[in-house]
Structures are given as C-alpha cells and as structure tokens.
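Okay, structure first, notes after.
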C-alpha cells in the first residue's frame with residue numbers, strides 16, 4: 007500500500023477516506039483535521055488559553071501534543087482519581103509527557119483535596135464508580151478552568167467516541183443530551199466554561215497511530231472499571247457497520263450535527279444557579295459533586311462510629 | 100512469529116509461517132479497524148507480509164467507556 011501524497015510505503019490506511027499515508031504525511035493529515043475542526047467550529051484562537059484534560063491515554067495526549075505543535079497556549083489538567091495502579095501509571099505518563107515538552111501540567115488529587123477517591127466509591131456508596139468519576143471530572147474541569155482564567159476546556163473525544171455517544175443517546179431518545187452533543191459547547195453566563203472536542207473528525211485508529219508515530223508513551227491498558235461498558239458495545243456495533251460501509255460513523259455524526267441537532271436545542275431548557283456550598287453552577291439545591299462529598303463524609307462518619315462502638319464493646323467484654 | 104496481544108489481557112501467541120497482516124488478523128479474529136499492528140516501532144498496513152521471525156504487536160485502539168449502566172451514554176472524559 008502506498009502513500010497517496012508521495013507514493014512511499016504507507017504506514018496507515020484510512021478506509022473512510024479511501025486513502026493511505028506514509029508516517030510524515032499522516033501526521034500532516036492529522037494536524038490538518040484538527041485545525042479544520044478548530045477553525046470550522048470556531049473553538050478557540052491562538053491567543054486564548056486552553057485547558058487540555060489529560061488522562062495519560064492516547065487521545066488526550068495526542069490532542070495535547072498536536073495543540074502544542076500547532077502553537078496554541080495550553081496547560082494540561084490531570085485528575086488523580088485513585089483507581090489503584092491504573093491511576094499511578096496514567097499520572098506518571100502525563101508527567102513524563104509534560105516534562106519532555108516543557109509544558110505546564112496541573113494536577114488535582116481527589117483524595118488530597120476532597121477526602122475520597124474513586125476506588126472507595128463502591129464500598130462507601132451505592133453509586134457506580136464511573137458515575138462518580140465522570141461527575142468529579144466534569145466538576146473539576148469546569149472549576150479549574152474558571153478559577154484559573156482559561157478560555158476553554160479541550161477534551162480528547164474522537165469520532166468513535168462521539169458516534170457511540172450519539173448512538174446511545176438516540177437509542178434512548180435522550181433529548182437533553184442530544185441538544186448538548188456538539189464539538190463545541192459555548193460558555194454560559196451561569197458559569198459553565200466553554201468546552202471543545204478538537205479530535206471529533208478523527209477516528210481512534212488515527213489518534214492511536216498519531217501517538218505511536220509521534221513517540222508518545224501513553225497508557226495502553228484501559229481503566230479497570232471500563233470492562234463491559236455500554237459505550238464499548240455501541241462502538242463494536244458501529245465498527246460492524248463501518249467494516250462493510252466505510253464512512254458510516256462520520257456520516258452518522260456529521261449528519262446529526264448538520265441536520266438534526268438543532269431540532270433538539272431548546273427543548274429541555276434548564277435553569278442554572280450557583281451551588282450554595284461551592285458556587286459552581288447547578289440545577290438542584292446543592293450541586294451533584296457537593297452532594298457526593300456529603301454522602302461520602304456521612305458514610306465515613308457512620309463507619310467510624312460503628313468501629314468506635316465495636317471497640318468499646320470489645321473492651322467491655324475483655325474487662326468482664 | 101511471536102504475536103503480542105494486549106486485549107483483554109496481555110498474552111503472546113506463537114504462529115508458524117508467513118502471511119499478510121490481513122490474514123493474521125482474520126486468524127486472530129480481530130477487526131482491522133480496532134487495532135494497530137506494530138513491528139519494531141513501525142506501523143503495518145493490512146497488505147504487508149509478516150515473517151516467521153517477526154515479533155508483532157497487535158495493539159487495541161478502542162478506548163473509554165464506563166463500566167456500570169448509567170444514563171449518560173458517552174465515553175468518560
């Protein structure tokens with residue numbers, strides 16, 4: 007297989023474009039697609055400060071790499087979630103990446119700053135760890151962006167992620183989520199930071215290939231909590247369709263963005279106000295993150311009380 | 100050849116003979132759009148012939164997801 011641009015041996019085939027590229031021309035193609043997304047959606051300009059949410063995985067580090075390479079003003083944000091060895095390794099990958107490029111990396115440690123981590127969630131609450139994880143990340147991305155004066159939060163969601171999310175939201179007719187599914191969510195007066203997904207035109211085969219060709223050392227293993235995830239089943243279903251009809255995922259997503267999303271916008275208006283505890287925007291009384299912290303603290307206090315009672319009972323029994 | 104697979108857990112498979120990457124993936128029952136095939140840091144397209152003495156890594160590219168049922172359908176950030 008030969009590169010479409012130069013005729014040299016190809017490193018990657020992109021079936022939805024019916025083309026193949028050698029390594030240098032693929033990196034050019036990747037940059038072009040990211041620039042096209044940023045300019046086409048008016049995500050941010052060269053003078054604006056971009057907070058890149060990084061997990062140590064291929065997508066977020068590829069995104070940070072390409073934005074640095076294109077000369078944008080970026081800082082990385084890593085959230086220490088406390089998911090055992092997986093979190094330790096992913097943090098190390100982010101730190102090594104940032105150090106090698108002299109890039110600014112902010113780290114927020116959930117246990118250190120809020121007194122709990124995702125590993126404790128199943129034993130302390132009835133919540134699924136992924137629900138608490140997603141909630142904590144969304145909250146902290148917004149909080150750090152607002153407090154530190156970033157213009158925009160960028161995440162590494164790619165075409166496969168967005169198409170799978172769309173499939174899930176359509177299957178369940180989640181009108182509110184469909185209204186908000188976009189590569190660009192504008193900043194809101196109520197305090198939500200502007201959010202962008204500059205990789206939405208690139209599939210995950212492309213983000214992984216870019217990471218390998220650019221020598222990015224990313225965490226290949228998946229989060230242990232993601233085993234059996236619904237979104238992975240949606241990805242498999244879309245890959246089956248893509249195998250016989252290349253371009254299906256892009257057509258599905260782009261068609262929705264161009265022709266269907268507007269039909270959902272404004273259907274489920276929600277009023278946001280400041281959380282009385284932390285000041286972040288919320289629809290309820292206290293925000294979901296403050297409610298989570300409250301629940302964790304309550305359970306920890308109950309647990310400590312039970313332990314203390316058992317210790318007193320054991321001491322009394324020993325005296326008898 | 101030695102084939103290193105990374106999903107669901109890291110394991111190694113020994114295969115005899117030479118074959119195209121396309122045939123190798125078919126034998127391993129792996130969808131070509133879901134993996135990178137890597138030989139010594141070089142990415143291989145499906146038409147490349149891999150040899151008996153090659154060490155090949157088949158690296159998955161599908162990422163994300165939340166393990167438990169939930170209302171929001173997307174991949175974690």
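Residue numbers (the numbering used here), protein chains in the order written: chain A, 7 to 326; chain B, 100 to 176. Heads up, the beta-carbon is just placed ideally off N, CA and C, and yes, glycines get one too.
What first and last residue would you give for the beta strand (DSSP E) that runs through residue 58 (chain A)? Judged by DSSP secondary structure, residue 58 (chain A) falls within the beta strand (DSSP E) whose first and last residues are 55 to 59.
Residue 196 (chain A) beta carbon less than 8 Å from that of residue 287 (chain A): The Cβ atoms of residue 287 (chain A) and residue 196 (chain A) sit closer than 8 Å to each other.
What residues match up with residue 120 (chain A) in a beta bridge as DSSP calls it? In the DSSP assignment, no residue is bridged to residue 120 (chain A).
Could you give the DSSP three-state label for residue 163 (chain A): helix, strand or coil? In the three-state scheme derived from DSSP, where H, G and I count as helix and E and B as strand, residue 163 (chain A) is classed as coil.
Considering just the uninterrupted stretch of the alpha helix (DSSP H) at residue 111 (chain B), what are its terminal residues? Following the DSSP letters along the chain, one finds residue 111 (chain B) in no alpha helix (DSSP H) but inside the beta strand (DSSP E) bounded by residues 110 to 113.
Against residue 132 (chain B), what residues of chain A qualify as contacts under a CB-to-CB distance less than 8 Å, listed in chain order? The contacting residues are 21, 209, 211, 245, 248 and 249.
Span separating the alpha-carbon of residue 169 (chain B) from that of residue 137 (chain A): The pLDDT assigned to residue 169 (chain B) is 41, lower than 50, so where the model puts this residue is not dependable; a value taken from the coordinates is nonetheless given after this. Rounded to whole angstroms, residue 169 (chain B) and residue 137 (chain A) show a C-alpha spacing of 7 Å.
Alpha helix (DSSP H) runs wholly inside the segment 238 to 296 of chain A, at least 4 long, in chain order: Counting only unbroken stretches of 4 or more residues, the alpha helix (DSSP H) elements lying wholly within the segment 238 to 296 of chain A are 254 to 261 and 267 to 270, in sequence order.
Name, in chain order, the residues that DSSP records as bridge partners for residue 115 (chain A). Secondary-structure assignment with DSSP links residue 115 (chain A) through a beta bridge to A:86.
Neighbouring residues, chain B, relative to residue 7 (chain A) (Cβ below 7 Å): Within 7 Å Cβ-Cβ: 144 and 146.
Rounded to whole angstroms, what's the CA-CA distance from residue 119 (chain B) to residue 35 (chain A)? Just pull it up for me. Computed Cα separation, rounded: 26 Å.
Please list the partners that residue 228 (chain A) has in chain B, where partner means a Cβ-to-Cβ separation under 7 Å. Ordered by position in chain B, the residues that pass the 7 Å Cβ test against residue 228 (chain A) are 162.
Ordered along the chain, which non-local residues of its own chain (more than five positions away) have a Cβ less than 8 Å from that of residue 308 (chain A)? None.
Anything in chain B within Cβ reach of residue 56 (chain A), meaning under 9 Å, just list it in chain order. For residue 56 (chain A), no chain B residue has a C-beta closer than 9 Å to its own C-beta; the minimum C-beta separation is roughly 15 Å.
Out of A:165, A:69, A:177 and A:63, state which residue places its alpha-carbon closest to the alpha-carbon of residue 57 (chain A). When each option's Cα is compared against that of residue 57 (chain A), the closest is A:69.
Just to confirm, is the Cβ distance from residue 65 (chain A) to residue 148 (chain A) under 8 Å? In this structure, the beta-carbon distance from residue 65 (chain A) to residue 148 (chain A) does not fall below 8 Å.
Chain A partners of residue 158 (chain B), CB-CB under 9 Å? Among the residues of chain A, those whose CB is under 9 Å from the CB of residue 158 (chain B) are 214, 218 and 226, following chain order.
Chain-ordered neighbours of residue 17 (chain A) on chain B, where CB pairs are closer than 9 Å: The answer, in chain order, is 141, 142, 143 and 144.
My parser needs the alpha helix (DSSP H) runs of 4 or more residues fully inside the segment 193 to 237 of chain A; what are they? Considered as a whole, the segment 193 to 237 of chain A harbours 210 to 219 as its complete alpha helix (DSSP H) runs of no fewer than 4 residues, in chain order.
Alpha carbon of residue 166 (chain B) to alpha carbon of residue 229 (chain A), nearest angstrom: Note that residue 166 (chain B) scores 39 on pLDDT, short of 50, meaning its location in the model is unreliable and no value can be drawn from it.
By the 10 Å Cβ neighbour count, where 16 or more other Cβ atoms means buried, how is residue 119 (chain A) classified, buried or exposed? Label assigned to residue 119 (chain A): exposed.
Are there 16 or more other CB atoms within 10 angstroms of the CB of residue 178 (chain A), so buried, or fewer, so exposed? Residue burial annotation: residue 178 (chain A) is exposed, with fewer than 16 other C-beta atoms found within 10 angstroms of its C-beta.
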